[in-house]
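So the structure is just underneath, and the comments pick up after that.
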Amino acid sequence: MLLLIWYLGCILVTAVQALSPHIILIVADDLGWNDVSFHGSDQIPTPNIDALAYNGVILNNYYSQSTSTSSRAALLTGRYPFHLGMQGESIMAAEPRGLPLQDKILPEFLKDLHYVTKAVGKWHLGFYKKEFTPTYRGFDSHLGYWGGYISYYDHILQNVYPEGQILSGYDFRRNMDTAWELDGQYATDVFTDECVNIIRNHNSSSSLFLYVGHLAVHAGNVGKPLEAPQESIDNFRYIPDPNRRTLAAMVSKLDESVGQIIHALADTDMLNNSIIIFISDNGAPSENWGSNYPFRGIKQSLWEGGVRCIGLVWSPMINSSQRASNELMHVTDWLPTLFSAAGGNLSELAGNFDGVDQWNSISYNEASPRKQVLLNIDEVMKTAAIRDGDWKLVIGSFGTNGSLDRYYGESGRGLRNPVYNISSVTNSTTWTSTAPYRRTDSDTELNKLRESATVKCSFDSQYPETDCNPSITKEPCLFNIVSDPCEMHNLANIHEAVLRQLYHMLIIQKQSLVPQLIKQLDFNGANPAKFNYTWSPWED
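Take the sequence shown: its letters are residues -18 to -1, 1 to 522, numbered as in mature numbering (1 follows the signal peptide of the UniProt record, and there is no 0).
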């Protein structure tokens, strides 16, 4: 009798654990909308990422924040950055600032559901005190860097400050220990190997949350901003610009990483109970020669090119897969969505969340519960943007003399680029690994999916004219973002009632704004020379 009870108990435990899927959250850094081939560009093939997209759900209207720190803060807290005081510039290495400690974040919520939590790669949410670092914020382990970027081989973070100071130090950690042994190894490969090792050594009796904050394709330090193995660069000789060619190689290495992670999950029988998310933190900047074509603007702006980002979800748990969704989603939605998908009771979540549970929208193709996205309110720069239904309001100009208000980036179309090869997708590691869960292999259907994920605008030139020039007119810009996704036609003078309505929404939201956490840079205290030339928690 006791043996029978024990046996039934084991079955019950196994059933409960099966309800908690492994969650693999991959965040690409500064990857532009047009730097993946499933969005219509032929220039840089991304067969593994495309395979994941075509077999899952492509998020056509996925929005993030315009900068690194703010997007990661929103991702992990489920709150708008202006509710955290994190709506401004990203954290600099010598800045004594971090994600507020009173805010419980995603790995901590998942630990409540008995997850093993692992972080690999970028943090960028503060490290001036150890309490702000990943292993003190809910992660069981972390291999990666604490600051905003590093060089790909030497793992040095060099910050050049407006005041003229230059601070430089090694920023690569395994938990709290400096990982000197990884010096000289290509960062994308290091992070991939770590992810594969975590997966292969994972105890199958527990659910895994693996947060992968890739360095790729963020630019590194001045002097060597873009780095990739030469054999990868040589694959893109058809790209005339040498910087864009190197960027393509960096994207290719990122794509390989996705394939290896998926393969490891399949090889360990974890893929059949996994949710995999691939997103970009913000739009591409000009510094890495990325492309947000055909969108207007780049990173650090609230135009579509800065905040409308790559997003996709794959899982055998998705009932309605192999489609592109036009439902509205925001980076803050991941926390409640993943907590819900993991079997958590949303009513037990403590806190004031701006994110909403999107799991039914993703899995069952239901309408999104989100009808509005507050893209940001920056009380220092006097900028703001909101999307409500089909309408988007942008207030303010971005960059010096509106330098970030323009159209940048290559189209990736044309005769000089290779023809999109769907067989490279169907021969990819990811495609093979996800074969048991696929509904169709039809090339025609896959090309239709690609077409449905491609944004088209009614202009012939790469850099169109627009009647919205806030750097000159100082006037707000109102767009029907569904019919005008490239933000060319300002309708503020035509639809004044809509303009007033969206203005009113911003005014209401601004009442709950937390002033920016602006701290004076501590060049002396943070100087890596004091810590064996490593970036370290200098206030401990």
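Note that the Cβ used here is the ideal one computed from N, Cα and C, for glycine as well.
- Boundaries of the beta strand (DSSP E) harbouring S307: R305 to H312, taken from the DSSP string.
- P452 is positioned such that its CB atom lies no closer than 7 Å to that of S385.
- Going by beta carbons, Y44 and M311 fall inside the 7 Å limit.
- In this structure, F260 lies away from L229, with their beta-carbon atoms at least 7 Å apart.
- In the structure shown, W413 adopts helical secondary structure according to DSSP, grouped into three states.
- A101 is bridged by DSSP to H124 and Y193.
- Rounded to the nearest whole angstrom, the CA to CA distance from T59 to K86 is 7 Å.
- Here R432 is buried, its C-beta having at least 16 other C-beta atoms within 10 Å.
- Cβ-Cβ separation between V199 and A10: approximately 7 Å, consistent with a contact (criterion under 8 Å).
- Look at A349 here: in three-state DSSP terms it is coil, with no helix or strand label.
- In terms of CA proximity to E163, D136 leads the group D136, G146, R305 and S187.
- With a minimum length of 4 residues, the unbroken runs of alpha helix (DSSP H) contained wholly in the segment 141 to 197 fall at 169 to 182.
- Secondary structure at D24: coil, using DSSP grouped into helix, strand and coil.
- Taking a cut-off of 8 Å on C-beta distances, the segment 121 to 128 touches the segment 152 to 169, as three or more cross pairs fall below it.
- V233 counts as buried, since no fewer than 16 other beta carbons sit within 10 angstroms of its beta carbon.
- Judged by beta-carbon spacing, Y389 lies beyond the 7 Å limit of N16, meaning their Cβ atoms are not closer than that value.
- In this structure, DSSP gives Y45 an extended state, which the three-state scheme calls strand.
- Listed in chain order, the non-local C-beta contacts of G14 below 7 Å within the same chain comprise G265, A266, G272, S273, N274 and G391, local neighbours out to five positions each way being set aside.
- Taking C-alpha positions only, D251 is separated from V407 by approximately 22 Å.
- Here S268 is not near C291, since their CB atoms are 7 Å or more apart.
- Distances from the CA of E176 to each of I258, G80, V240 and R227 were compared; the closest alpha carbon is that of V240.
- The Cβ atoms of I368 and K492 lie no closer than 7 Å to each other.
- In this structure T115 is buried. Its beta-carbon is surrounded by 16 or more other beta-carbon atoms within 10 angstroms.
- As the crow flies, the alpha-carbon of G108 is around 15 Å from that of Q69.
- Under the 8 Å Cβ criterion, the segment 44 to 57 does not count as touching the segment 21 to 31, having fewer than three qualifying pairs.
- Contact annotation: Y168 and Y131 have beta-carbon atoms that are not nearer than 7 Å.
- Beta-bridge pairing by DSSP links A323 to no other residue.
- Taking the Cα of I476 as reference, the smallest distance to any Cα among I489, N462, M487 and L488 is reached at N462.
- Closest in alpha carbon position to N203, among G120, T174, D24 and S150, is S150.
- CA-CA distance, S307 to D425, rounds to 20 Å.
- With a cutoff of 7 Å on beta-carbon distance, V313 and L57 are scored as near each other.
- Every beta strand (DSSP E) stretch that sits fully inside the segment 271 to 305 and reaches 3 residues is listed by chain position as 293 to 296.
- Nearest neighbour of V102 by Cα position, chosen from D94, T412 and L7, turns out to be L7.
- Taking 7 Å as the cut-off, the beta carbon of A231 is found closer than this to the beta carbon of I215.
- The beta-carbon separation of R119 and P82, rounded to 11 Å, does not stay under the 8 Å limit for a contact.
- If you draw a straight line from the Cα of N42 to the Cα of E309, it comes to about 7 Å.
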